[in-house]
Structures are given as structure tokens and as C-alpha cells.
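A.B. asks: Please read through the structure below; I'll follow up with questions.
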Amino acid sequence: MTGSSKMEYNFTEIEQRWQSYWSSRKTFKVQIDPSKPKFYVLDMFPYPSGAGLHVGHPLGYIASDIYARYKRLKGYNVLHPMGYDAFGLPAEQYAIQTGQPPQKTTEENIRRYRKQLDKLGFSYDWDREIQTCDPSYYKWTQWAFLKMFHHWYNKDSNKAEPIDELVNVFTRRGNGSVNAAHHCPITFSSEQWQAFSENEKEDILMCYRIAYLGETSVNWCADLGTVLANDEVKEGLSIRGGHPVEQKKMKQWQLRVSAYAERLLESLDHLDWSDSLKEMQRNWIGRSDGAELEFAVNNGSQEFTMNVFTTRADTIFGVTFMVLAPESEWIEKLTVPENKKEVEEYLAYVKTKTERERMTETHRVTGVFTGSYATNPFSGKEIPVWISEYVMAGYGTGAIMAVPAHDSRDYIFARHFNLPVIPLIEGCDISHESFDAKEGIMCNSGFLNGMTVEEAIPAAIIEVEKRNLGKRKTNYRLRDAIFSRQRYWGEPFPIYYEDGIARPLPESSLPLELPAIESFQPSPDGEPPLAKAKNWTYRGFPLETSTMPGFAGSSAYYLRYMDPQNQEALVSASANNYWQHVDLYIGGTEHATGHLIYSRFWNKFLYDLGYVCKDEPFRKLVNQGMIQGRSNFVYRIKNTNKFVSYNLKDQYETTEIHVDVNLVTNDRLDLDAFRKWNPEYKNAKFILENGEYICGWAIEKMSKSMFNVVNPDTICAGYGADTLRMYEMFLGPLEQSKPWDTNGIDGVHRFLKKFWRLFFDKDGELIVNNTDPAEKELKILHNLIRKVEDDIENFSFNTTISAFMISVNELTDLNCHKRQILEQLVILISPYAPHIAEELWSLLGNSPSVANASFPVFNPAYTKEDTFEYPVSFNGKFRFKKQLALDLDKGEIERLVMEDERTEKYSGGKKIRKIIVVPGKIINIVV
RNA sequence: GCUCGGGUGGUGGAAUAGGUAGACACGCAGGACUUAAAAUCCUGUGGACAGAAAUGUCCGUACGGGUUCGAUUCCCGUUCCGAGCACCA
Numbered sequence: 054m055t056g057s058s059k060m061e062y063n064f065t066e067i068e069q070r071w072q073s074y075w076s077s078r079k080t081f082k083v084q085i086d087p088s089k090p091k092f093y094v095l096d097m098f099p100y101p102s103g104a105g106l107h108v109g110h111p112l113g114y115i116a117s118d119i120y121a122r123y124k125r126l127k128g129y130n131v132l133h134p135m136g137y138d139a140f141g142l143p144a145e146q147y148a149i150q151t152g153q154p155p156q157k158t159t160e161e162n163i164r165r166y167r168k169q170l171d172k173l174g175f176s177y178d179w180d181r182e183i184q185t186c187d188p189s190y191y192k193w194t195q196w197a198f199l200k201m202f203h204h205w206y207n208k209d210s211n212k213a214e215p216i217d218e219l220v221n222v223f224t225r226r227g228n229g230s231v232n233a234a235h236h237c238p239i240t241f242s243s244e245q246w247q248a249f250s251e252n253e254k255e256d257i258l259m260c261y262r263i264a265y266l267g268e269t270s271v272n273w274c275a276d277l278g279t280v281l282a283n284d285e286v287k288e289g290l291s292i293r294g295g296h297p298v299e300q301k302k303m304k305q306w307q308l309r310v311s312a313y314a315e316r317l318l319e320s321l322d323h324l325d326w327s328d329s330l331k332e333m334q335r336n337w338i339g340r341s342d343g344a345e346l347e348f349a350v351n352n353g354s355q356e357f358t359m360n361v362f363t364t365r366a367d368t369i370f371g372v373t374f375m376v377l378a379p380e381s382e383w384i385e386k387l388t389v390p391e392n393k394k395e396v397e398e399y400l401a402y403v404k405t406k407t408e409r410e411r412m413t414e415t416h417r418v419t420g421v422f423t424g425s426y427a428t429n430p431f432s433g434k435e436i437p438v439w440i441s442e443y444v445m446a447g448y449g450t451g452a453i454m455a456v457p458a459h460d461s462r463d464y465i466f467a468r469h470f471n472l473p474v475i476p477l478i479e480g481c482d483i484s485h486e487s488f489d490a491k492e493g494i495m496c497n498s499g500f501l502n503g504m505t506v507e508e509a510i511p512a513a514i515i516e517v518e519k520r521n522l523g524k525r526k527t528n529y530r531l532r533d534a535i536f537s538r539q540r541y542w543g544e545p546f547p548i549y550y551e552d553g554i555a556r557p558l559p560e561s562s563l564p565l566e567l568p569a570i571e572s573f574q575p576s577p578d579g580e581p582p583l584a585k586a587k588n589w590t591y592r593g594f595p596l597e598t599s600t601m602p603g604f605a606g607s608s609a610y611y612l613r614y615m616d617p618q619n620q621e622a623l624v625s626a627s628a629n630n631y632w633q634h635v636d637l638y639i640g641g642t643e644h645a646t647g648h649l650i651y652s653r654f655w656n657k658f659l660y661d662l663g664y665v666c667k668d669e670p671f672r673k674l675v676n677q678g679m680i681q682g683r684s685n686f687v688y689r690i691k692n693t694n695k696f697v698s699y700n701l702k703d704q705y706e707t708t709e710i711h712v713d714v715n716l717v718t719n720d721r722l723d724l725d726a727f728r729k730w731n732p733e734y735k736n737a738k739f740i741l742e743n744g745e746y747i748c749g750w751a752i753e754k755m756s757k758s759m760f761n762v763v764n765p766d767t768i769c770a771g772y773g774a775d776t777l778r779m780y781e782m783f784l785g786p787l788e789q790s791k792p793w794d795t796n797g798i799d800g801v802h803r804f805l806k807k808f809w810r811l812f813f814d815k816d817g818e819l820i821v822n823n824t825d826p827a828e829k830e831l832k833i834l835h836n837l838i839r840k841v842e843d844d845i846e847n848f849s850f851n852t853t854i855s856a857f858m859i860s861v862n863e864l865t866d867l868n869c870h871k872r873q874i875l876e877q878l879v880i881l882i883s884p885y886a887p888h889i890a891e892e893l894w895s896l897l898g899n900s901p902s903v904a905n906a907s908f909p910v911f912n913p914a915y916t917k918e919d920t921f922e923y924p925v926s927f928n929g930k931f932r933f934k935k936q937l938a939l940d941l942d943k944g945e946i947e948r949l950v951m952e953d954e955r956t957e958k959y960s961g962g963k964k965i966r967k968i969i970v971v972p973g974k975i976i977n978i979v980v
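524 is the number that the numbering used here gives to position 471 of the first sequence; each next residue is one higher, with no gaps.
Printed below as a string of C-alpha cells:
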């Protein structure tokens, strides 16, 4: 193929030229500039996997790049950086399988990612690139960890405070008056504190630190040889790799995220995030308001108090038994000798079940009686204490008061073990199931009788507090984050052990660099690979051998971009004060309960310490949808090497086989390519329809095994990055998941060629002239300006592309080649298709880059309508799409064409004097 | 089970403080240019009925109701699909 005209749209050449122009001139390098308003547009940085990018990955990057370029045109100083979340399990798993050090594969993957990203024409300031595995970056991850180690959470001031100050308080007053987020089991006085040994003091302080080492039930994944955070586990399987996960008690580093639960919840209201994402976070934080109640227990030989949490204090008269989680520490005390054997058998049985089984077999009723009885503090009745796996150790106190009449789980349990059920709401039917709804009038409930449930809940709590039986309590589902991983490829902890006491490294010794090791194999007993590293010591003391989890490096990276080369601080105060926070954050929903919780926590912690000026990191957040794959199928006739076309397949008995989508165009199979694809099909025969082989198709996840992966490089080579960018936006609403379908891309590509032709004549000569534009042309332009502006602000990029198409068609029809119009058009399109825009911008004689141009100013005067053909509605209400004011007394009504019969019907023959019409509004007409 | 989204042509999707449903694009069909192909351009394209035709009539936004002069849009119920949470007391 040779170009017949000398100036046809040669996207390959144009794109390469401008990409190297941008990178050599550093067009998108950004610096603090107090004379301009700032805007910070951030993408969730990628994990550089070995598979490279497919067309789904850049969707969000394209959207954010459009927005960033738009904001630059609007006069903002735009920070738009990119980097890599480079620590993580896959590189290490790969290292275990192949012996290749993760440093090496990660570096290779990053290079490959960069090459792919560069082809798409993003306006990143690459001088700010960060990699989480780079010691100069993870120095600050370790630094933040040390800060958390050195702080505790004061619930009175509601912020993190230095642990040294806490030590002073302990020395003066003990811990009785300290209102802290902690898990310290004991209360001590000033004297006791001073009498404690050094080790005892350290153990106690550990219970207050925000980063602390503590025994806890963790998600242990034996196949990965590491513990995992709650958000890394789904349905009892690890998210990475799908390996089974079990609950195990282990001593682990943890972050006291739970201390921030209320603040994390409360400030959600002020964020410009989607409702669904906020809702997900609210569920994850899981606030529930209720009361913690005390039940006296008597097992015949000793008295004992049991606490339970309930949101239904109103149902206390209906408590007919208590249930403990199998992991509960109270079991030992409460089990009477006669029941000991049975209880032990039951606990052994529970242990044999995996977490997964416990979750899937939720309807199986199991349990055992401890032999002890508690006293219902209100009814005074003796009630048995049971153990059952349906009660979870990790929530509340690990024990419940059972109200079988009004809780379905308690009901099932009670019916199964023949325990009494007392209804508490007038007229409720509990013969077959419990009555869980919080409505109705209380009965059988002493002083609560006659109240509605709504009234009874607070009334009961007040009474409980008055009688000193418990107190009002708010519980959160959010747990502290388990922060150690028994793996190699992560940030080392700046911690060493002196006589078994965890000691922090001084800040001056950071970064503590990850040592090179020979074997990456984790041991099944939880011994991390770093245990085998040579000289992994600090001043002769052993260093911590776990490493930090994946979310550590991503928790503050947005701050580092503000000041990426700073050797003295994570971010300088001046850089932080200028850039403040991320104004627009784009990424997938998969991080809703992981990264987005942790970085909000991390940011609030740094805010408490005064290192950052905003207490929330991401003001507006947009979730782009997932791009799914569109698989193609061929149909092989059973036991043959013969393939039948889609519409004829029902006449045969066939097997459906995935075929590489790259061998298929518009669902037509390239037969020769297919034969070459796999030796098995070398001699394949085909039954065609109309001379073609039509493939079937289906929407599936984009993956190698489905042969439906489309590489952006292929699209860039065939159509150019501008076409790819516009097509990805044209595919549908940004936030919606949708399948990739290469079939439609021609339309967008055709549009760009048509756009190009507005500037050139048949011989390829530039035909842009300086004639003044006509009113019609200005109207097209200004309608488009408004549309582009509105759409970008509302992230409705798909409809903008349509608007461009319409406008270009109209201008083509008008044979408009006027500079005044076309130059503005080039600016408008530059966020979407930056390469072609740069090319045309410079061909029009402008310099140096369209990125430095100003966004066109919309002038409503040009878009005024002069005739109106909208119907009049009932009650004399009008709805118009244009803004105008008409004085009907002056006869302007004649310009209103009222041809709709409804007009006559509802204007009631009255004379209309005046209407004022505002776009999109319905206004009453004065008659 | 609970919570939140969402069902519009052959396909992706437009249009919602209620006002001409199907913009734009793909696909398909026909045509122009061409020796031919590619590229480009033009016309048609929700369904049914009537008409030689221009055109007209009726039905259509998952299903059934409701409010309204008017509903894809608001309300109630049903159903299907998707996402998240899931013994959270």
C-alpha cells in the first residue's frame, strides 16, 4: 500500500514523532507554581505482571489522561504521575518456580509496561516515577511504620500521640485513666508500672502502639507460606492463586486500623465517591450500635461474669440461653467436669473443619452444653451456657445472649436442642421461624411492655446502665490489619530483637535494604525466606524476618509523587501544601476494602502527626469498569477435523472450541491463519456459509486461556493510539463493565480520517483559510465546546465522541475549512486524540504544543435558537432546551410554533402574555 | 439471606428535576467510483399493517399494575442479570 496523496493521515509516523517530542522536551514536566491553581489527577498504579497490558488495563488511564489534558487547557497546573506497585506475591511465586530473582523479573516487567504505556500517548510527568521496591521509596514506608510503632491512639483527643507521652502518664497515674485504643489485659497503678521489669513494660506498651506485635487469629495460607489480610481472602481461599486459608493463632505485626474506624466512617460523607463504593466501605467498617451486657455465671464451684454484645438490648427478657464461640477463653472456666469429655470432643470436631467448610455449612446446627448456667439479670432465670460454631470469636466478645424468638440463628439452635423460646412482641408468630423484624409492641418484657421496639431499645440500654449491668457500646467489624508476611519480596521491617524484645531501628539507619538471597522457597512452618539471609542482623541482634504486605507500599505513594526526590522527608511541607491531596483518583473497585481503607488510615495517621495537611487522600474517586473479553468459537464436528460455520452448526454434532480472537475479523475466521495456528488444525476442513466461516462468540473474562486477549500494541499498530483512546471511551460509560469488541473500532478510525480531511484537499494540500466563520459554523463549534466541557466534567466521555462525529460531519457538509473554527476544534479534541491534534496544531503554524493552548470559551450567543418548536404542556408549563426570554405582548409569541395539538388542548384558550424559558427547566407561564 | 446497581433494535449504547424513544457507531442490505480490490462516499435499516409512491395507522424501553393530559424516566408488585457482604448477635 502506497500513499497516493502526500498528506494522508499517517498515524504511525505522527504518533511516534510526537511521543518522542513530548518526552525529549519534557512537555508534561510539572513544578510547583503558586501563580496557577493546581490539580492532581492520579491513576491507581499498576502491579507490573509478567503478562503485560491488555486493552482493558488502560481504560482508566485514558480517562484520567483526558481529564488531565483538559484541566491543563483550562489553565491548571496538573500533577499527573505514574509508577509501579512493584512488590508482591506473583514475582516471588515466579522466583520460586524458576529461580529468577524477583528484582530481575520485576525490572523486566516494568520495562515492558513502560514501553506499552508510552505508545498510548499519556501525559505523565515521568520524572516523578516511583517504584515501591526501590529503597529510596520504601525508606518512607519503613519510616511510616516506625512512626506508627512510636505512637498510640488517644480516644480523648481522637488522634495518634507519641508513646513517650504515654509512658509519662503511666509513670504518674498508671493506665486506669487512659482512654486509648489498646488491647492491654490489665489495669495498673503508677507504683505497679514503676515496679514492672523492662520486659514487662515493653509488653504493655506493645498493647498500645499503633504498629504492634501481637498474638491473633490470622488467615494462614499454607500453600503460599504466609498470612493474609482479610481483604486478601475470599470465601476461604486466597485471592492470589485461590489456595485454601485456615485460621491460626500467630504472633504478627499489626496496624491498629480499628482505632480509626469511626473517623474512616465519618469522613466518607465528605468524599466525592460513588455511593456504591462508600457503601462497601461502610459495610466493611461495619459499625453497629448496641450495648455490652454482663451476665453472672455460676458453674457450681465459682462465680464469674460474662460480657456479651447486643444490638437488641430490648430483647433481654427473651434470653433463654447463652452461646460461646468454640475459640472462647471462657470455655475452660465454664465447662463442668461432667461435660468436659463432650466439650472436648466438640472442640476437636470444630478444629477438623476448615474455614471454608465452616462458611459453606452454615445451616448445619452443632453445639455442646458447658454445664454452667448464667443468670438473666432482668428475669432472674437460670439459663444454660452453650458452645457453638455459629458464634464467631472475632466479633464482639466471642459470646452472645441468645434470643431465639427474635433471631433466626438462635431460633434454629433452640429448636434443634429443645431450648425454650419466649416471644416478646405482641401477636408475632414464632411457630415456624423467628420474628427478626425490629417492629411491634413489646410483651413478656417487664418494664418494657407496651413500648414499640424502637422505643424499647434505648429504654433497655438506659435501664442497663442504671442498674450497672453493662454499658452502651459501639462495635466495628473492621479489624486491625495484619502487617507481616512470611515472604521475601516486600519491605523489610526496621525492627530487631534484643532478648526477645522488638526494638525499632533508628530513623537514621533507613532504608533497611532487602538483602539478596539464594532460595525463595518459604518453609511450611511459617519460617520466612529472610531467616536464611546471611548477616540479617543489626548490631549483632537478629532482624525481623517477615516483610510488609503489598498494601504497605501503596498506602502513601500519592504523597511521594508530590516530592519524589526528597531525601529528607516523605514529602516536604511546601510540596504538600501546594498539591494538598489527589483531586481525582481513577481505578478499579477491587481495591474498595483494601488499598482504599489502608491508605485512608495511613493518611489520617500522618495527618495526626502533622506531616500532611489533608486528612483524606482522595477527594473524588471514579471507578472504571472492567473490560471483559469477547471470545470466539469454532465448531468441530465430533471425531473429525472438520469445522462448520456458526449458522450451520445445528445440523451436526459439534464441539465448541475457543479460537484466538486475533485470527478473527468481524466474526469471520481467517482460514489460513487458523490452519497455521495449531499443528492439530493444519489439515482442517471447513463447511462455509456464503464462502465464509462465521465464528460464534461469548463474553468472558479476558485471559490467555480463552484466547481472547487483545493487546493494545496490536491496535496501536493497526489503527493508532488516538483511535484506541477514542474507541475505549466510545465503548460505553466509563464506570460500567463492558466487553471489548474490536469490531466497532473502524467507525472511530473513520472519524479521525474524516477529521483529518477537514484540513486537506484531494491533493493533500492544506486548505485551511482565514475566512470569517458563518453563524452556522460558529453554532456548531460552540455547541461542541459546551458539550465537551460538560461531558468531561461529568466523565461521560462516550457521548462526547458522538458529538465530535456529528460536528465534523456537519462541518464537512458545509465544506468549512476556516481556521477560526478548525483551530478550536483541534484544541477540543486534543485530550482525546493528542497526537493528531499536535500534528494539525503545528501544521496550522502554531507552536509549540497544543497542550499549552487554552480551552475555547463557550459563548451562548452563538447557540441561540431563532425558531421554537417545542410543545406546550399541561397547566401552561413549557419545557425548552434553550435559554431565552420572550415578551409575548410584543408579539414574540408568533415565533413560537405551537403545532402540537396538546398545546391548544391545555392552554385553555387563554392568552399567554409572557414566558421566560431557561434551558432544561419547566416554567409556569403567566397568563 | 441482606444491601446496592441494572434490563432500551441484530450489537455497543443515546435520551431521565416526566414532553417527538432508538442520537452516534457497529453490523446488514442496496448503490456510486474502480478493470478489480482496498479506501471513500450516498441511501435504507425497531416491529406489524395499508399504499404504486410520497406517506399513513397501530404496537413497542423485562413483565403486571398505579399516578399523570403525557412515563424509558416517578410509585407498588413480579421476574431476570450483575456487583458487594454474608452466621457481625
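We put the CB at the ideal spot given by N, CA and C, even for glycine.
So which of ALA344, PHE850 and GLU492 has the shortest CA-CA distance to GLN677?
C.D. replies: The count along the first sequence starts at 1 and reaches residue 677 at position 624. With distances taken between Cα atoms, GLN677 lies closest to PHE850.
A.B. asks: Is the beta carbon of PRO884 closer than 8 Å to that of ILE119?
C.D. replies: To locate residue 119, count along the first sequence from 1; it is residue 66. To locate residue 884, count along the first sequence from 1; it is residue 831. Contact: yes.
A.B. asks: From the DSSP output, in three-state form, read off THR920 for me.
C.D. replies: Translated into positions along the first sequence, residue 920 becomes position 867. Confidence at THR920 is low in this model, with a pLDDT of 38, below 50, so its placement is unreliable and the value that follows should be read with caution. Three-state result, THR920: coil.
A.B. asks: Do MET135 and TYR177 count as a contact pair if the criterion is CB distance below 8 Å?
C.D. replies: Indexing the first sequence from 1 puts residue 177 at position 124. Indexing the first sequence from 1 puts residue 135 at position 82. For TYR177 and MET135, yes; Cβs fall inside 8 Å.
A.B. asks: Compute the distance between the beta-carbons of ASP775 and ALA886, then report whether it is under 8 Å.
C.D. replies: Taking the first sequence and counting its residues from 1, the one referred to as residue 775 is at position 722. Taking the first sequence and counting its residues from 1, the one referred to as residue 886 is at position 833. Contact flag set, yes.
A.B. asks: Per the DSSP calculation, TYR611 is bridged to which residue(s)?
C.D. replies: As a working mapping, residue 611 is identified with position 558 in the first sequence. Partner residues in a beta bridge of TYR611, as assigned by DSSP, do not exist.
A.B. asks: Return the CA-CA distance between ARG468 and LYS526, expressed in angstroms with no decimal places.
C.D. replies: Locating residue 468 in the first sequence gives position 415, counting from the first residue. Locating residue 526 in the first sequence gives position 473, counting from the first residue. Cα to Cα, ARG468 sits roughly 30 Å from LYS526.
A.B. asks: Grouping DSSP H, G and I as helix and E and B as strand, with all else coil, what is PHE671?
C.D. replies: For the purposes of this step, residue 671 is identified with residue 618 of the first sequence, where counting begins at 1. Correct three-state label for PHE671: strand.
A.B. asks: Check whether the Cβ of VAL131 lies closer than 7 Å to any heavy atom of the ligand MN, and answer yes or no.
C.D. replies: The ligand MN is absent from the structure shown, which contains no ligands of any kind.
A.B. asks: Determine the extent of the alpha helix (DSSP H) in which GLN146 is found, giving its start and end residues.
C.D. replies: Your numbering for residue 146 matches position 93 in the first sequence. If you look at GLN146, you'll find it in the alpha helix (DSSP H) that goes 142-151.
A.B. asks: Is the beta carbon of THR865 sitting closer than 8 Å to the one on LEU811?
C.D. replies: As a working note, residue 865 is residue 812 in the first sequence. As a working note, residue 811 is residue 758 in the first sequence. Taking 8 Å as the Cβ cut-off, THR865 and LEU811 qualify as a contacting pair.
A.B. asks: Below 8 Å, can you find three or more Cβ-Cβ pairs linking the stretch 623-638 to the stretch 577-586?
C.D. replies: Flag = no, the stretch 623-638 and the stretch 577-586 do not touch.
A.B. asks: Within 10 angstroms of the Cβ of SER576, are there 16 or more other Cβ atoms? Answer buried if so, exposed if not.
C.D. replies: Taking the first residue of the first sequence as position 1, residue 576 is located at position 523. So SER576 ends up on the exposed side.
A.B. asks: By DSSP's criteria, GLU214 is part of a beta bridge. Which residues make up the other side?
C.D. replies: As a position in the first sequence, residue 214 is number 161, starting the count at 1. Answer is TRP205, bridged to GLU214.
A.B. asks: If contacts are defined as beta-carbon pairs under 8 Å, then MET755 and GLY109 qualify, I think. What distance do you get, rounded to the angstrom?
C.D. replies: In the first sequence, the residue the question calls residue 755 occupies position 702. In the first sequence, the residue the question calls residue 109 occupies position 56. Going by Cβ atoms, the distance from MET755 to GLY109 rounds to 6 Å, so yes, they are a contact pair.
A.B. asks: Which stretch, first to last residue, makes up the beta strand (DSSP E) that contains LEU266?
C.D. replies: Counting from 1 along the first sequence, the entry for residue 266 is found at position 213. Here the beta strand (DSSP E) through LEU266 covers 264-274.
A.B. asks: Check whether the Cβ atoms of GLU492 and VAL506 lie closer than 8 Å to each other.
C.D. replies: Locating residue 492 in the first sequence gives position 439, where the first residue counts as 1. Locating residue 506 in the first sequence gives position 453, where the first residue counts as 1. In contact: GLU492 and VAL506 (Cβ atoms closer than 8 Å).
A.B. asks: Helix, strand or coil for TYR705 per DSSP?
C.D. replies: Residue 705 sits at position 652 when you count from the first residue of the first sequence. Of the three classes helix, strand and coil, the one that applies to TYR705 here is coil, per DSSP.
A.B. asks: Per the contact definition of three or more C-beta pairs closer than 8 Å, is the stretch 84-91 in contact with the stretch 622-633?
C.D. replies: yes
A.B. asks: Fully enclosed by the stretch 718-759, which beta strand (DSSP E) runs are 3 residues long or longer?
C.D. replies: 738-740 and 749-753
A.B. asks: Once you ignore the five residues that flank THR824 on each side, which residues in its own chain have a CB closer than 7 Å to its CB?
C.D. replies: Residue mapping note: residue 824 aligns to position 771 of the first sequence, counting from 1. Excluding the 5 residues flanking it on each side, THR824 has same chain C-beta neighbours closer than 7 Å at LYS871, in chain order.
A.B. asks: Going by DSSP, which residues form a beta bridge with ALA234?
C.D. replies: Counting from 1 along the first sequence, the entry for residue 234 is found at position 181. Answer is TYR206.
A.B. asks: Between VAL444 and ALA378, is the Cβ-Cβ spacing less than 8 Å?
C.D. replies: As a working mapping, residue 444 is identified with position 391 in the first sequence. As a working mapping, residue 378 is identified with position 325 in the first sequence. Their beta carbons are under 8 Å apart, which means VAL444 touches ALA378 by this criterion.
A.B. asks: Where do the N-terminal and C-terminal ends of the beta strand (DSSP E) with ILE985 fall, by residue?
C.D. replies: Look at the range of the chain in this structure, 54 to 980, and you will see that residue 985 is not part of it.
A.B. asks: Would LYS124 and VAL94 be called neighbours here (beta carbons separated by less than 8 Å)?
C.D. replies: The residue labelled residue 124 in the question sits at position 71 within the first sequence. The residue labelled residue 94 in the question sits at position 41 within the first sequence. Closer than 8 Å, so yes.
A.B. asks: Give, in chain order, every unbroken run of the beta strand (DSSP E) that is at least 3 residues long and sits entirely within the stretch 363-447.
C.D. replies: Complete beta strand (DSSP E) runs here, min 3: 374-377, 421-428 and 435-440.
A.B. asks: Taking the Cβ atom as the reference point for each residue, do LEU173 and PRO238 lie within a distance shorter than 8 Å?
C.D. replies: In the first sequence, counting from the first residue as 1, residue 173 sits at position 120. In the first sequence, counting from the first residue as 1, residue 238 sits at position 185. Their beta carbons are not under 8 Å apart, which means LEU173 does not touch PRO238 by this criterion.
A.B. asks: Going by the CB atoms, is the gap between GLY640 and TYR699 shorter than 8 Å?
C.D. replies: Working through the first sequence from its first residue, we reach residue 699 at position 646. Working through the first sequence from its first residue, we reach residue 640 at position 587. No, Cβ-Cβ distance for TYR699 and GLY640 is not below 8 Å.
A.B. asks: Leaving aside the five residues before and after PHE546 along the sequence, list all residues of the same chain whose C-beta is less than 6 Å from its C-beta, in chain order.
C.D. replies: In the first sequence, counting from the first residue as 1, residue 546 sits at position 493. The answer, listed in chain order, is GLU597.
A.B. asks: Within this structure, are the beta carbons of LEU477 and THR368 separated by less than 8 Å?
C.D. replies: Counted from its first residue, the first sequence places residue 477 at position 424. Counted from its first residue, the first sequence places residue 368 at position 315. Against a cut-off of 8 Å, the Cβ pair of THR368 and LEU477 comes out as a contact.
A.B. asks: Quick check on DSSP: helix, strand or coil for SER576?
C.D. replies: The count along the first sequence starts at 1 and reaches residue 576 at position 523. Coil at SER576, not helix or strand.
A.B. asks: Is it right to say VAL879 is buried, meaning 16 or more other beta carbons lie within 10 angstroms of its own, or is it exposed?
C.D. replies: What you label residue 879 is simply residue 826 of the first sequence in a count that begins at 1. So VAL879 ends up on the buried side.
A.B. asks: Ordered along the chain, which non-local residues of its own chain (more than five positions away) have a Cβ less than 8 Å from that of SER76?
C.D. replies: Residue numbering aside, residue 76 sits at position 23 when the first sequence is read from its first letter. Closer than 8 Å at Cβ, skipping near neighbours: ASP171 and TRP179.
A.B. asks: Take ALA314 as the anchor and find which of LEU787, LYS302, LEU290 and SER341 has the nearest alpha-carbon.
C.D. replies: One-based indexing of the first sequence puts residue 314 at position 261. Here the closest residue by C-alpha is SER341.
A.B. asks: Using beta-carbon positions only, say whether GLY773 and PHE64 come within less than 8 Å of one another.
C.D. replies: Against the first sequence, residue 773 aligns to sequence position 720. Against the first sequence, residue 64 aligns to sequence position 11. Cβ distance < 8 Å, so GLY773 and PHE64 count as in contact.
A.B. asks: CB-CB under 8 Å to GLU788, same chain, minus the five flanking residues each way: which ones, in chain order?
C.D. replies: Here the question's residue 788 lines up with position 735 in the first sequence. So the qualifying residues of the chain are SER327, VAL675, ASN676, GLN677, GLY678 and PHE848.
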